[in-house]
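Quick note on numbering: the sequence shown equals residues -34 to -1, 1 to 796 in mature numbering (1 follows the signal peptide of the UniProt record, and there is no 0).
Beta carbons: idealized from backbone N, C-alpha and C, even for Gly.
Remarks on the structure that follows.
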Amino acid sequence: MMINKTRKDITNMNTLKQSLLFAACAMVCITVSANDVDVKTFRYAGPFDLPAPILVDSVDAQQKTFATETLLNTPLHLSLAQQGRIVNTGNVPSSASPYALHLLQFNIQNAAYRKVGIELKGLKHYQVYVDNKLVSPSDVTLQPQTHNVVIKYLSQKDSTYNLSVRLTNIGDSLTVSTDARRTLTLSDIQNGLQYYRIGLSANGRYLITNYYDVMDGGYTRYSWRLTDLKTGTIMRETDEAMSWIPGTNRFYTIRKGRDGRDIIATDPLTGREQPLATGIGEGNITLAPNGEYLVLSTSQEGPKEDADIYEITQPEDRQPGWRTRWNLSLVDLKTGLTRPLTFGYHNVSLEDISADGRYILYMVSRSRLEKRPTTVSSLYKLDVKTMQATCVAHDEGFLSEARFSPDASSLLVKATAEAFNGVGKNVPEGSTPNMYDYQLFTLNVANKTVTPLTKTFNPSVEDFSWNPRDGQIYFTALDKDQQKLFRLNPKTSKFTRFDMPEDYVTRLAFARNAPVAVWYGESASNSDRLYTLNLDNGKNTLLEDLSKLKLKDVDLGTCTPWNFVSSRGDTISGRCYLPPHFDPNKKYPMIVNYYGGCSPVSVYFESRYPLHLYAAQGYVVYLVNPSGAAGFGQTHASRHVNTAGKGVAEDIIEGTKAFLKAHPYVDPKRVGCIGASYGGFMTQYLQTQTDIFAAAISHAGISDHTSYWGEGYWGYSYSEVSMANSYPWTRKDLYVDQSPLYNADKIHTPLLFLHGNADTNVPIGESIQMFTALKLLGRPTAFVVVNGENHTIMDYQKRIKWQNTIFAWFARYLQNNPSWWQALYPDKKL
């Protein structure tokens, strides 16, 4: 059964959208397909009069005489042109001033990478800017997107101009317009204001919002805002970090003091500041809810080795900082006394502090390489007054986090289904649960009784808390490919899913003494939005829409769910992204995206692979979440374990074929695929199983399960998830037979390898060896290395070229346009 919009629905929707668009700009849009075209309509801003400068001397400091054209360099905001009025070449305004600057603006929308010329006549002194960058008008490179062209020119008193603007060598069709609408670009994803953290005062009236703002070039500025939710008044904006003092309506900041760090408490209403603690040492600070002390998590470096020749004690010892160990100290806020709570060489993590401040919950972890799981943890309840520690769980595997119940008599534990002797398992006999599919348990402190709470609950638990106000458990969970908010009544075991207006609830904060929460999230076709939530009636109220700012004037195509039932009887979820101004009568190339590992590709707008960005390049995009991912139930998730991609690949191939059959507007001969990490492995493996793809891209992909298992920082530990209780010496069928490297001769699809050469998760050798194999086999392939980058490409400028490399490879093979690839990586005679 196919769950998707009908072709008629899509056609009607897009016809309406296109009609509205063309009605808005019919007088100022032209679509052309000739070699040259004249631009006759612009947006105009000006004139901006410039008085003649006073010539104090005949030359300047560089001994140059005054030249009229230097006035072109007078700073002027180019964005003024986009708010200007519509003019034609015959009625461009003039100025009676000695000199004046003028701005003319129009847009170019091109569907393919190309170089064009912008030929101007009738102007003597001018500059041409494309996307706010000064260019040589005779040779303008246009990537496939909407380009903002601004002509800045200088006029002299009473001068008249017979202006003409012509685009030359335009090749295939493009659109010239003065309409403000545009397509999505990578800058829209990388740049702009986003949320980082949020917090509510105890009474729910005051909100602290932490933002980060990314500028062109990658500079990032962090800021904090204090808002009165009752009046909507912004009470404070600062670059100084603010956090709430637990259980109060006061916030604190941390400042550098004479003897260390000072913690300053502030009343939001009066602004009065009061020292809360002084001379605090280094470490992570957690304030106790009773206001009597804080817990300091501090680190200690382990033994140092000779820098040139050194011993590695165990696999993790290769990781920088692995020998660093963490312990806890307590700082008395009245006396300033700092006393150690824990001591030793095992890592200690603070899990929670009880509501009355009497108890601390901490976890001690140690490695155990001879048996799965290779890390075990113990939970301790510490009475801070008597220093009596009670072990609540000893050497338990598969634990993630734990919290106190409101009365501290029980613990709420997040763990995988195999924890506590498998009391939470709900998979078929012989199957192993997916360790990324998280469950909730209660653990009675007194008698150690464990109760599984989510054994038959399909969504996979993410963040969680036990609310002291109403005694309810609130948690976010991966619900198929969405992340939603749920409430669990621990007395009745009843689950309630909140009706949230976004697909992906990113972060949530609660008021301690009021039925209110604040949260932000995003959806498939919008960026961050901030809301309040009334916990009693479930009503959400929009506070701020950052997406409205980030996506102003951006045209997005539609995104709709598209599911299919596989030959195994599983409903495989997915999504379909269409290009802006979609025409169902055209034939489009398509890109298939997936992860295929232990987690789904969730419904959010911004990611390393923003799929609307691919759609803006003229592709239909099919996102498929094959079986094996968390969030669909334990049985579904367990299919990731000990399959090494076999069933996953079958789902992707079946889904792609089903999608092509159901959507005649996709050209089946122009289908590409892309995946990263385990998805990069999946890209390689797919090419050994099918020939339906015309181009493929593997970023940081695994080519040999055995070499990844031994060399990646988390290779063998991830194999605890994907190859549970299976090892290279016991399961050749998984580690060798299912590795793309040992099936390289079956690959004929043009395959691009992308890899950061500082990747510690999947070492770059995984791409090197597969690239080498395909070169020796004479198969079409390419290998692009991103210098200094790890598993994901984080550097602002490097990400731009990395993303353009992806687009250029697909343009080469799916759009029959190799020019972009040649511009990035010209042929070399070597």
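Taken through DSSP and simplified to helix, strand or coil, S265 comes out as strand.
For L70 and D4, the gap between their C-alpha atoms comes out near 14 angstroms. Cβ atoms of N723 and V750 stay farther apart than 8 angstroms, at about 11 angstroms. In this structure, Q769 is the residue among N756, I136 and Q769 with its C-alpha nearest to the C-alpha of S573.
If you look at G158, you'll find it in the beta strand (DSSP E) that goes G158 to L166.
Rounded to the nearest whole angstrom, the CA to CA distance from G563 to Y644 is 6 angstroms. Separation of the CB atoms of G323 and E258 is rounded to 6 angstroms, and the pair is thereby assigned contact status at 8 angstroms. Note: Y560 is not bridge-paired with any residue in the DSSP secondary-structure output. According to the DSSP secondary-structure assignment, R495 is paired through a beta bridge with G487 and D511. Here the alpha carbon of L37 sits roughly 10 angstroms from the alpha carbon of Y92. When the beta-carbon positions are compared, P372 and A321 come within less than 7 angstroms of each other. Taking C-alpha positions only, N39 is separated from V96 by approximately 16 angstroms. Listed as beta-bridge partners of R765 by DSSP are no residues whatsoever. It is roughly 37 angstroms from the alpha-carbon of K457 to the alpha-carbon of R334.
For V180, the enclosing beta strand (DSSP E) stretches over residues Y172 to V180.
DSSP places A66 inside the beta strand (DSSP E), whose first and last residues are Y65 to N76. In terms of Cβ geometry, G245 and L262 do not form a close pair [threshold 7 angstroms]. Contact between Y79 and N783 holds, with the beta-carbon distance rounding to 6 angstroms and staying under 8 angstroms.
S532 places its beta carbon 7 angstroms or farther from that of N608. In the structure shown, H91 adopts extended strand secondary structure according to DSSP, grouped into three states.
For a cut-off of 8 angstroms, the C-beta gap from G597 to D469 is around 13 angstroms, too long to register as a contact.
A distance below 6 angstroms between beta-carbons, with the five flanking residues on each side excluded, links N157 to the following residues of its chain, in chain order: V180. For Y570, there is no enclosing beta strand (DSSP E), as DSSP marks it with neither H nor E.
The region 157 to 176 and the region 190 to 203 touch, with three or more beta-carbon pairs separated by less than 8 angstroms.
Around the C-beta of K450, 16 or more other C-beta atoms lie within 10 Å, and the residue is accordingly described as buried. As the crow flies, the alpha-carbon of L707 is around 25 angstroms from that of G621. With respect to the 7 angstroms criterion, Y631 and Y682 are not classified as neighbours on the basis of their beta carbons. The alpha-carbon separation between A662 and V131 amounts to approximately 41 angstroms. Close CB contacts of P634 within its chain, under the 7 angstroms cut and outside five residues either way in sequence, are with L626 (chain order). Under the three-state reduction of DSSP, A33 is assigned to coil, being neither helix nor strand. The DSSP-derived three-state label of V342 is strand.
Residues of the same chain with a CB within less than 7 angstroms of the CB of D124, apart from the 5 flanking positions on each side, are A62 in chain order.
Only exposed fits P59, as fewer than 16 other CB atoms lie within 10 angstroms of its CB. DSSP places N256 outside both helix and strand once states are collapsed to three, so it counts as coil. One alpha carbon belongs to F452, the other to L577, and they sit about 28 angstroms apart.
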